[in-house]
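*Asks:* Here you go, one structure.
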Ligand SMILES: O=C(O)CCC(=O)C(=O)O
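And the structure:
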């Protein structure tokens with residue numbers, strides 16, 4: 598089903614429409630199934646056709662988000678099983694909740710060769726990215742619980758390792774890429790680490806990705822799970838609500854380590 602969505606003529610039209618948009622603004626955001634545009638798109642279509650595309654897109658997106666949400670719940674249940682914690686839905690209940698805070702983002706990265714000699718990538722990273730040096734999406738961790746991404750067959754997605762290197766994730770349009778996000782790091786008291794990642798634009802090929810960001814209800818209290826903690830284990834984080842954390846992400850820069858603000862023994866950055 599997701600494959601059909603990506604290949605559907607609607608998505609091709611969206612890419613076409615996207616060409617009219619401002620080049621800095623390469624994403625469309627759908628928040629809790631309400632389609633919202635990041636910017637004013639100037640269309641070459643009649644308004645009715647535009648409306649029709651919106652309606653069809655919304656129905657495809659709703660169908661996709663519903664299925665991916667189920668997948669997210671299954672993954673969180675498998676994680677709970679792996680961590681040997683009960684009940685099985687201790688994590689997944691936050692995604693299955695009707696008030697779960699879900700965001701779906703569709704990104705388009707047009708081909709882009711390095712036109713910026715002051716690019717912030719060092720030589721090591723240049724070789725990691727096969728000479729490509731244009732950042733498509735700056736480094737960050739996702740603030741929610743988990744993110745489920747799918748892309749076309751264009752590479753560019755990279756993850757950061759503790760030794761300071763960036764590793765390219767091989768493109769595979771038939772697979773999903775699952776990121777552990779900040780809240781899951783907190784709830785597992787650091788057993789799972791939130792994945793720092795970025796996207797480097799390809800010089801020749803256009804990249805399209807769609808990401809489902811699974812967050813809990815806004816007022817959900819976030820702290821390490823009692824069922825996971827060893828008797829003498831200390832919580833690494835102060836308790837906060839998803840609303841507080843989400844508000845903090847809007848006040849910080851994309852690349853900031855936002856979790857450090859909620860860490861018990863570290864100073865805010
Ligand atoms: O385009 C991608 O594959 C990842 C984009 C991303 O990290 C994001 O939208 O937060």
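Residue numbers (this note's numbering): 598 to 866.
Ideal Cβ positions, reconstructed from N, Cα and C, are used throughout, including at glycine.
If you drop the 5 nearest sequence neighbours on each side, which residues of the same chain put their C-beta closer than 7 Å to that of residue 665?
*Replies:* To locate residue 665, count along the chain shown from 1; it is residue 68. Here the set comprises 745 and 809.
*Asks:* Measure the Cβ-Cβ separation of residue 569 and residue 822 and say whether it is below 8 Å.
*Replies:* A question about residue 569 goes unanswered here, because the residues of the chain that appear run from 598 up to 866.
*Asks:* With H, G and I counted as helix, E and B as strand and the rest as coil, what does DSSP make of residue 816?
*Replies:* On the chain shown, position 219 is the one that residue 816 refers to. Coil at residue 816, not helix or strand.
*Asks:* With H, G and I counted as helix, E and B as strand and the rest as coil, what does DSSP make of residue 746?
*Replies:* Along the chain shown, read from residue 1 onward, the residue named residue 746 stands at position 149. Three-state result, residue 746: strand.
*Asks:* Counting pairs of Cβ atoms below 8 Å between the stretch 773–787 and the stretch 731–740, do you hit three or more?
*Replies:* Yes: at least three Cβ pairs fall under 8 Å.
*Asks:* Are there 16 or more other CB atoms within 10 angstroms of the CB of residue 656, so buried, or fewer, so exposed?
*Replies:* Counting from 1 along the chain shown, the entry for residue 656 is found at position 59. Exposed, because fewer than 16 other Cβ atoms sit within 10 Å of the Cβ of residue 656.
*Asks:* What residues in its chain sit with their C-beta under 7 Å from that of residue 852, if we drop five residues either side in the sequence?
*Replies:* Residue numbering aside, residue 852 sits at position 255 when the chain shown is read from its first letter. Cβ neighbours of residue 852 beyond the five flanking positions: 735, 736 and 737.
*Asks:* Of the residues 790, 691, 798 and 860, which one's Cα is nearest the Cα of residue 755?
*Replies:* For the purposes of this step, residue 755 is taken as residue 158 along the chain shown, with counting starting at 1. Nearest option by C-alpha distance: 798.
*Asks:* Am I right that residue 805 and residue 659 are in contact with their C-beta atoms under 8 Å? What's the rounded C-beta distance?
*Replies:* By one-based count along the chain shown, residue 805 stands at place 208. By one-based count along the chain shown, residue 659 stands at place 62. Not a contact, Cβ separation roughly 19 Å.
*Asks:* So, at 7 Å on beta carbons, what are the nonlocal neighbours of residue 825 in its own chain, with the 5 sequence-adjacent residues on each side left out?
*Replies:* Taking the first residue of the chain shown as position 1, residue 825 is located at position 228. Taken in chain order, the residues that qualify are 680, 682, 785 and 786.
*Asks:* What span of residues does the alpha helix (DSSP H) with residue 847 cover, start to end?
*Replies:* Counting from 1 along the chain shown, the entry for residue 847 is found at position 250. Where residue 847 is concerned, the enclosing alpha helix (DSSP H) stretches over 839–848.
*Asks:* At which residues does the alpha helix (DSSP H) containing residue 778 begin and terminate?
*Replies:* Within the chain shown, numbered from 1, the residue matching residue 778 stands at position 181. No alpha helix (DSSP H) contains residue 778, which DSSP labels as neither H nor E.
*Asks:* Hey, would you say residue 814 sits closer than 8 Å to residue 677, going by beta carbons?
*Replies:* To locate residue 814, count along the chain shown from 1; it is residue 217. To locate residue 677, count along the chain shown from 1; it is residue 80. No, the Cβ-Cβ distance between residue 814 and residue 677 is not below 8 Å.
*Asks:* If you follow the alpha helix (DSSP H) that residue 692 is part of, which residue opens it and which one closes it?
*Replies:* The residue you call residue 692 lines up with position 95 of the chain shown. Its alpha helix (DSSP H) spans residues 690–693.
*Asks:* What's the gap between the Cα of residue 769 and the Cα of residue 749?
*Replies:* Within the chain shown, the letter at position 172 stands for residue 769. Within the chain shown, the letter at position 152 stands for residue 749. Cα to Cα, residue 769 sits roughly 7 Å from residue 749.
*Asks:* Is the beta carbon of residue 765 within less than 7 Å of some heavy atom of ligand 1?
*Replies:* For this step, residue 765 is matched to residue 168 along the chain shown. For ligand 1, not one heavy atom lies less than 7 Å from the Cβ of residue 765.
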